[in-house]
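Chain order of the listed sequences is S and U. Once you know that position 109 of the first sequence is 109 in the numbering used here, the rest is easy, because the numbers rise by one and skip nothing. Once you know that position 64 of the second sequence is 1064 in the numbering used here, the rest is easy, because the numbers rise by one and skip nothing. The C-beta atom is built at its ideal place from N, Cα and C for all residues, glycine as well. None of the values given here were measured: they were computed from a predicted structure.
Protein chains: 2
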Amino acid sequence: MGKQVTEMLKGTLEGIVLAILSGRRAYGYEITAWLRDQGFSDIAEGTVYALLVRIEQRGLVDVEKIPSDKGPPRKVYSLNPAGRENLDEFWRTWSFLTERLEQLREGGK
Amino acid sequence: MGKQVTEMLKGTLEGIVLAILSGRRAYGYEITAWLRDQGFSDIAEGTVYALLVRIEQRGLVDVEKIPSDKGPPRKVYSLNPAGRENLDEFWRTWSFLTERLEQLREGGK
DNA sequence: CCTCAGTATTCAGTGATACTATGTACTAGT
DNA sequence: ACTAGTACATAGTATCACTGAATACTGAGG
């Protein structure tokens, strides 16, 4: 990807991960793979793990350690009520931004 | 606003300013005022000026110093071809992000 | 004349976030 | 034993927006 995406992801990636977790529980490796699949071609694994640690410490997710038949145990994350509220707030902020930018895009033509 | 917007603005604010400048030339104070008008309630002045210095150094804008009848001279910025190309690239990146997020929003309901 | 409000720019220091690069650990297949 | 794939963790770096303050110019009111 480019440096531009990198900067634009700041603040957004957290929302993306929360949104993923709102649909189903998931673990880090899985989330990283999914993101790559979606075209976020070079999101570093470290980035996702660091982010997961952050949102866990802020109490937005519940964690369960589940043994895997392939490699070390997985840390499975699921969104809790606090996380759900945070996600709602994220969507509100996102909507605000998109509206402003859509206006700008129209006007700039 | 909140900390959430602050982080989400990273990488986006630059595009916003470029988009503004694609419509008309403008100077820092004016841009800040416009942003506040649009609901970016507490964007710090320092932020905009720092951003303008950055995009000037990267050669995306042309600058002209114009005396003001009210206060010190204004630095009026206008988008040059390199800036216009950068703006196009910004819109492409932005579209990519919005598409992914729109999908997630649908799926998460 | 002097101070204050409004206009306009600049800069040093801080905090949050994503990236790079590397290391650890577990399992299965050769 | 070695390798590849799975899975997690972390130290160090860069970028970007914010805070807070300083500087500079003009016109109005006391």
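Beta-carbon proximity list for residue i, same chain, < 7 Å, skipping 5 on both sides
i        : result
L1052(U) : G1028, Y1077
P81(S)   : none
Member of the options whose CA lies at the smallest distance from the CA of residue i
i        : options                                : result
G1011(U) : G15(S), E14(S), K3(S)                  : K3(S)
R74(S)   : L97(S), R25(S), V5(S)                  : R25(S)
E1064(U) : L1079(U), K1070(U), R1058(U), G1071(U) : L1079(U)
D1062(U) : F1096(U), V1005(U), G1107(U), S1022(U) : S1022(U)
A19(S)   : T6(S), G46(S), W91(S)                  : W91(S)
R1105(U) : E99(S), L9(S), W94(S), Q103(S)         : W94(S)
G1039(U) : G107(S), E102(S), L97(S)               : L97(S)
L87(S)   : L60(S), L35(S), M8(S), D42(S)          : L60(S)
is_contact[residue i, chain U] using C-beta, thresh 8 Å
i      : result
I20(S) : yes
Q4(S)  : yes
W91(S) : yes
L60(S) : no
Cβ-based burial, residue i [other Cβ within 10 Å; buried from 16]
i        : result
I66(S)   : exposed
A1033(U) : exposed
A1044(U) : exposed
E1099(U) : exposed
E14(S)   : buried
Close-in-space but distant-in-sequence residues of the same chain around residue i (CB under 8 Å, 5 per side omitted)
i        : result
V1017(U) : I1031, V1048, L1051, L1052, I1055
R1084(U) : S1022
V5(S)    : F40
Any chain S beta carbon closer than 8 Å to residue i
i        : result
E1085(U) : no
L1052(U) : no
Q1038(U) : yes
Contact set for residue i: own chain, Cβ-Cβ below 6 Å, skip 5 residues either direction
i        : result
G1046(U) : none
Task: Segments of 4+ residues assigned as alpha helix (DSSP H) that fall wholly inside the region 1044-1102 of chain U - done: When DSSP assignments are scanned along the region 1044-1102 of chain U, the uninterrupted stretches of alpha helix (DSSP H) that are 4 or more residues long and fall wholly within it turn out to be 1045-1057.
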